[in-house]
Amino acid sequence: MPVISYIDAVKMALREEMERDRNVFILGEDVGKKGGVFKATEGLYEQFGEERVLDTPLAESAIAGVAIGAAMVGKRPVAEMQFADFIMPAVNQIISEAARIRYRSNNDWSCPLVVRAPYGGGIHGALYHSQSVEAVFANQPGLKIVMPSTPYDVKGLLKAAIRDEDPVLFFEHKKAYRSIKGDVPEADYVLPIGKADVKRKGTDITVITYGLCVHFALGAAEKLAAEGIETEVVDLRTVYPLDKQAIIESASKTGKVLLITEDNKEGSIISEVAAIIAEHCLFDLDAPIQRLAGPDVPAMPYALPMEKYFMMNPEKVEKAMRELAEF
Amino acid sequence: MPVISYIDAVKMALREEMERDRNVFILGEDVGKKGGVFKATEGLYEQFGEERVLDTPLAESAIAGVAIGAAMVGKRPVAEMQFADFIMPAVNQIISEAARIRYRSNNDWSCPLVVRAPYGGGIHGALYHSQSVEAVFANQPGLKIVMPSTPYDVKGLLKAAIRDEDPVLFFEHKKAYRSIKGDVPEADYVLPIGKADVKRKGTDITVITYGLCVHFALGAAEKLAAEGIETEVVDLRTVYPLDKQAIIESASKTGKVLLITEDNKEGSIISEVAAIIAEHCLFDLDAPIQRLAGPDVPAMPYALPMEKYFMMNPEKVEKAMRELAEF
Amino acid sequence: MELKHKKLGIADETVFHMYETMLITRRLDERMWLLNRSGKIPFVVSGQGQEAAQIGAAFALNREEDFVLPYYRDFGVVLAFGMTVKDLMLAAFAKAEDPNSGGRQMPGHFGQKKNRIVTGSSPVTTQVPHAVGIALAEKMDKKQTVSLVTFGEGSSNQGDFHEGANFAGVHKLPVIFLCENNQYAISVPVSKQLASVRVSDRAAGYGMPGYTIDGNDPLEVYKYVKEAADRARRGEGPSLIETMTYRLTPHTSDDDDRSYRSAEEVKKAKLSDPLDTFRSYVKEAGLLPDEKEEQLEKSILTMINEAMEYAENAPFAKPESALQFVYAGTEQGAEK
Amino acid sequence: MELKHKKLGIADETVFHMYETMLITRRLDERMWLLNRSGKIPFVVSGQGQEAAQIGAAFALNREEDFVLPYYRDFGVVLAFGMTVKDLMLAAFAKAEDPNSGGRQMPGHFGQKKNRIVTGSSPVTTQVPHAVGIALAEKMDKKQTVSLVTFGEGSSNQGDFHEGANFAGVHKLPVIFLCENNQYAISVPVSKQLASVRVSDRAAGYGMPGYTIDGNDPLEVYKYVKEAADRARRGEGPSLIETMTYRLTPHTSDDDDRSYRSAEEVKKAKLSDPLDTFRSYVKEAGLLPDEKEEQLEKSILTMINEAMEYAENAPFAKPESALQFVYAGTEQGAEK
Ligand SMILES: Cc1ncc(C[n+]2csc(CCOP(=O)(O)OP(=O)(O)O)c2C)c(N)n1
Ligand SMILES: Cc1ncc(C[n+]2csc(CCOP(=O)(O)OP(=O)(O)O)c2C)c(N)n1
Ligand SMILES: [Mg+2]
Ligand SMILES: [Mg+2]
């Protein structure tokens, strides 16, 4: 199994799906000739032509809206938002339209659309190139939101998203693009959307998180293991709708739960995770449900000291895990 | 103290603030000559002229964006979104701009803007005239979200919102507009944004909610009181950022908490409330934290039976309160 | 003088069929108001005054293959595209059998896949980029279909109009942007909506031809839409057509238009009611002898009565069916 | 032949000052690239090739009273409006003293209230409605100020451009919409961005005059912006001015433009580098004798060196100051 980077897994999934199904096409800003500002679509323009790898005008609501139209008549568009931060002009199309098309038409129409967007910080991107935007959408039935942590998951989940019959927001951590590598089969496979994945089994504490933070948790778990503390690391993978069962299972098992997100804390994905646990496993808990998150300020600053202060990192994660274990 | 309706309290607050400060002005669709589709701005066009009560083109992003521009140079714009459902085209302006102006400019600029919007269901408005949209925004530091339940709170909080130095989303429950009446002083007063209000003191169970559901909870509390069950009803009033202290206080006191929203459940305001309680009062709880909410479907249907099925009502609330009390 | 429809190459029976559809549209619309005012249905949004634009446009298309993305006033468009009076009555009564939404959406929120009527929502203008996306998809598949999207003049101020029109222009897509300019967006007159004199002044900004035409003449509308469709099928890209009409009713059954426009203005507009003028035309053309007209009115009345009765007695969707169809495979209902 | 600036009524010293500002703009921009390529600053976004448009426009305004809403390439605009080289160096190094954002935003995200440079963000075109709102507020207060907002041609495809321009048109607000058309939006050439031939073709759709002019000639830009400002102050509403330029550098320091345009194309564009042509002009006008030029270059070099040194050695904001200024009264930091 070749070891490839997170972004190469994106590219591989896109290429394979475009080869498999001629209805799959890509649209977005600079995705064609340039191959994307992160090079996620590199080579696809050359291989599939400009008809299937469209450089669009600079207009996110049109990118989403045009993709929705195409999806409604049988295409499988994969729309790229250049940065997750720039998905905001497309919110109306995504929430009012994509998420509601099946429901409002009583199942007559559907919208099998994928919106890919690089999110996340730690890359010196400042306020508008570092954000986690999932919480804006993670309250809209009809949508699915996938946020993979590993190249293996990227490939299997992006393929699943493209084949899904409903709209999927697919957020890729841009700091993971080149820093995270892993085994990825060359064969075709899909992973189930809507299912969390236990990335590490453990009995003492549970960490539930997603995206880049999964790696911080796994790293810290190794350190704690050396001291005899066994951490279970649950990777949500799909952050909306959540895999309640997996959350409840792990929380009940260890009784000590730490939830982590890189996003601001209030109103984040992990708030819902906490609520699920508080609703279903209260009497199994041995410690308050801990949340570790970015501070509640609008977004990550540019200057390195402030960025670091905001950004999640292995040290913050390890410290929180240790504190919970000692509770 | 005169008894007036919820919508008359809106109108009263607007009029008084416009009389008080010539920088306050209103803009939106049909707010002028027609006085708003719900008549919230009735008479203001006549009193203050079309310069201060602007009928705008049908373009929500411009309504928000123009208001932001005016706010940045010292005006106090009150922008109306005709229905909360139609705030979606303005999300980019609200989240990327209004919420971040102070922070991104290191306190050099600010954006004292109010966006008013009628939300909520039970008025036969179907998918796009019934929604609760607060969860979309309730994860954006820099924003405040106020959702009053009574005419008294409407007046005091809308005035506070207009005088606030930062952007405030002010969501008014459209079913409350004419159905909810209450005492409202003619005198000038403001209520603190960011503070919850205990609408009823109690010792056995705590209900935490906001908007129209406050009235359902108060009604049910009376019934339960007749049976000796004393309910504390906490009205969040500001749903973002939340008044943690008030939540923690009441939850710790009764140990049994029911959270209610009319919105879909997953990723809602009450998820964050649950997370706060689970983080801070775990060992004071005698029952799992209960959440009562709309089902996780895109929005409320039009046909009466389905609308009723979705919509929160006194019966559902009473049942959930009773179950919790009996836990 | 040659009759206009002959000059345009429209067959007599097509003209009659256009008139018939227009009459059904109007009579159905009128019935909806009666039902509303008598408390039988909670809401009406009406297209009275705009039927000529709707019918003229729809008939200029290939009604077996093209797509339409109508807006809420477009009874005329959807009836021409195969939706039935019964379907629309079922929607008005919000019954389970309503093909638009099974009673989930308000009336006027059309959608019927089998007739290529694309599902619409309430936020205005979102359908514009959808039309562009459908045209893109069809072009990719080398099909010859055209997408017709309609919207009000107020709605042409939304960002989605601009973004969608420009996208279609850049990619030379087979889309017809049809504005039904009825002079008002609820209470706001066109002078406070549009900085330009005409909506069609915007076409040049999207590299497409733009026309402002008489929206009270279905044949005129037919002509321009037909030419636009021909251009589109030849790969020459999109067109913007603004039809000048007047909204003869209040905005919806919830609106009272007396607060923002005068009764005289409305009365004056009624003088060029498109139904009257088209009726005169078909009569003069000898296509509507009195007895045929009488018969037509009668059969429409019957059709509407039957549809109404059917719809009124049809069952609602079950309450808990509100849980269905959130995602594919949720026929059993979403989790609560 | 009368010199162009004389015909326009621009004083000699103003022309010199324009050239000086343009030269500072360019030299500072060049230095930023050096700093970036030597690893001293992480990011550069550059305005090379667009200085004439920026300087011409800014100097046509009342720089003591008008508002500017610049976009990220507008070193020229902000320098003309009173931001200093030191300020911009502080921003490049992301230091606490940076007046734009205290090091919170990337370089190119301008804002300085005392100079009426309105704080900007990254999502393109959001500043357009802001300019309209400022103009509205100023008009309400019966002031004579104008708002100038700039943006790229790609950004003119955003909904906010359309909505903002139309709003300004309807209310006849004193706004100048200045498009710096540099032929590319990152890698996407104008032919794939704009369905219209020119951005100015859109002006008619907003009831305002539109012009496409040579963006390499600061005096030409001055002329059109001055006329637009005069119109605006007379209450005649907004204008759209498209300046034709060329982006001489890659999109940003993160971009490699060789993948989407040829070296020849860039080389050819350099032949009409606005700095060269304006330099020739001021020389021919006798306003820049050789020794004055030498002195100018030297003093600019010194200014940039000093600013750079200052900025490099200036302190960062404290890490925990990231908690400040979320809301009014959070000088002590937001709750964690
Ligand atoms: C995004 C959005 N904002 C506001 C509304 C409320 N609204 C419904 S119809 C309408 C006026 C539309 O005017 P126009 O586009 O001219 O169409 P008309 O109703 O006149 O046919 C408004 C403001 C809406 N449906 N969507
Ligand atoms: C809403 C939004 N989408 C995408 C981007 C990413 N982006 C930054 S600059 C740019 C191109 C802008 O092109 P243009 O408007 O022509 O200005 P130029 O950079 O050429 O000066 C893009 C796509 C953004 N900043 N904002
Ligand atoms: Mg209209
Ligand atoms: Mg450009």
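Chains as they are written, first to last, in this note's numbering: chain A, 1 to 327; chain B, 1001 to 1327; chain C, 2001 to 2336; chain D, 3001 to 3336.
Think of the CB as a built atom: it goes at the ideal place given N, C-alpha and C, for glycine as much as any other residue.
Query: Could you tell me the boundaries of the alpha helix (DSSP H) in which residue 1079(B) lies?; Result: That residue, residue 1079(B), is in no alpha helix (DSSP H); its beta strand (DSSP E) goes 1076 to 1080.
Query: For residue 1015(B), which option in 1233(B), 1229(B), 1187(B) and 1311(B) has the closest C-alpha, if you only look at C-alpha atoms?; Result: 1187(B)
Query: Could you give the DSSP three-state label for residue 2025(C): helix, strand or coil?; Result: helix
Query: Can you find a heavy atom of ligand 2 that lies under 7 Å from the Cβ of residue 2956(D)?; Result: Outside the shown range of chain D, which is 3001 to 3336, sits residue 2956(D), and nothing can be said about it.
Query: DSSP has residue 171(A) in a bridge; who is on the other side?; Result: 117(A)
Query: Could you pull out every unbroken alpha helix (DSSP H) segment of at least 4 residues lying fully inside the region 1119 to 1178 of chain B, listed in chain order?; Result: 1134 to 1137 and 1151 to 1163
Query: Residue 3132(D) lies in the alpha helix (DSSP H); which residues open and close that run?; Result: 3127 to 3140
Query: Can you list the residues of chain D that residue 297(A) reaches, using a CB-CB cut of under 7 Å?; Result: 3322, 3323, 3326 and 3334
Query: Span of the alpha helix (DSSP H) holding residue 1101(B)?; Result: 1101 to 1104
Query: Is residue 3105(D) a contact residue of ligand 2, with contact defined as CB to any heavy atom under 7 Å?; Result: no
Query: Hey, could you find the ends of the alpha helix (DSSP H) residue 197(A) is sitting in?; Result: Segment 197 to 200 is the beta strand (DSSP E) holding residue 197(A); no alpha helix (DSSP H) there.
Query: Check whether the region 2246 to 2266 of chain C and the region 2177 to 2188 of chain C are in contact - that is, three or more C-beta pairs closer than 8 Å.; Result: yes
Query: Can you check whether the C-beta of residue 3139(D) is within less than 8 Å of a C-beta belonging to chain C?; Result: no
Query: Do you know whose CA, among 2141(C), 2158(C), 2320(C) and 2147(C), lies nearest residue 2057(C)'s CA?; Result: 2147(C)
Query: Do the region 292 to 302 of chain A and the region 3091 to 3104 of chain D meet, that is, are 3 or more Cβ pairs less than 8 Å apart?; Result: yes
Query: For a cutoff of 8 Å on Cβ pairs, would you count residue 3008(D) as touching chain B?; Result: no
Query: Could you tell me whether any non-hydrogen atom of ligand 3 is closer than 7 Å to the CB of residue 2198(C)?; Result: no
Query: Taking the alpha carbon of residue 1107(B) as the point to measure from, which residue in 1083(B), 1058(B), 1165(B) and 1055(B) has its own alpha carbon closest?; Result: 1165(B)
Query: To the nearest angstrom, report how far apart residue 2336(C) and residue 1122(B) are at their CA atoms.; Result: For residue 2336(C), the predicted structure reports a pLDDT of 43, less than 50, and the residue's modelled location is therefore unreliable. The matter cannot be settled from this model.
Query: What does the Cβ neighbour count give for residue 1148(B), buried or exposed, with the cut at 16 atoms within 10 Å?; Result: buried
Query: Please tell me whether, using a cut-off of 7 Å, the distance from the CB of residue 3182(D) to the nearest non-hydrogen atom of ligand 4 is below it.; Result: yes
Query: Alpha carbon to alpha carbon, how far is residue 66(A) from residue 198(A)? Give it in angstroms, no decimals.; Result: 37 Å
Query: Please work out which residues of its chain come closer than 7 Å, Cβ to Cβ, to residue 50(A), disregarding the five sequence neighbours upstream and downstream, and give them in chain order.; Result: 32
Query: With which residues is residue 231(A) paired in a DSSP beta bridge?; Result: 205(A)
Query: Taking Cβ positions, are residue 85(A) and residue 133(A) nearer each other than 8 Å?; Result: yes
Query: Count the other CB atoms within 10 Å of the CB of residue 313(A); is the residue buried (16 or more) or exposed (fewer)?; Result: exposed
Query: Kindly say whether residue 2105(C), judged by its beta-carbon, lies nearer than 8 Å to any beta-carbon of chain A.; Result: yes
Query: If the criterion is Cβ atoms closer than 8 Å, does the pair residue 3136(D) and residue 1138(B) meet it?; Result: no
Query: Considering only the alpha carbon of each residue, which of 3170(D), 3015(D) and 3285(D) lies closest to residue 3002(D)?; Result: 3285(D)
Query: Note down the Cα distance separating residue 3083(D) from residue 3131(D), rounded to an integer number of angstroms.; Result: 19 Å
Query: If contacts are defined as beta-carbon pairs under 8 Å, then residue 3051(D) and residue 3301(D) qualify, I think. What distance do you get, rounded to the angstrom?; Result: In fact, because the Cβ distance is near 18 Å, the residues do not count as touching under 8 Å.
Query: Taking only beta-carbon atoms, is residue 129(A) less than 8 Å away from chain D?; Result: yes
Query: By a C-beta neighbour count over all protein chains shown, 10 Å radius and 16 as the cutoff for buried, is residue 1297(B) buried or exposed?; Result: buried
Query: From residue 234(A) to residue 243(A), what does the alpha carbon distance come to, in whole angstroms?; Result: 11 Å
Query: Is the beta carbon of residue 40(A) sitting closer than 8 Å to the one on residue 154(A)?; Result: no
Query: For residue 2315(C), count neighbouring C-beta atoms within 10 Å of its own C-beta (all shown protein chains included) and say buried if the count is 16 or more, exposed if not.; Result: exposed
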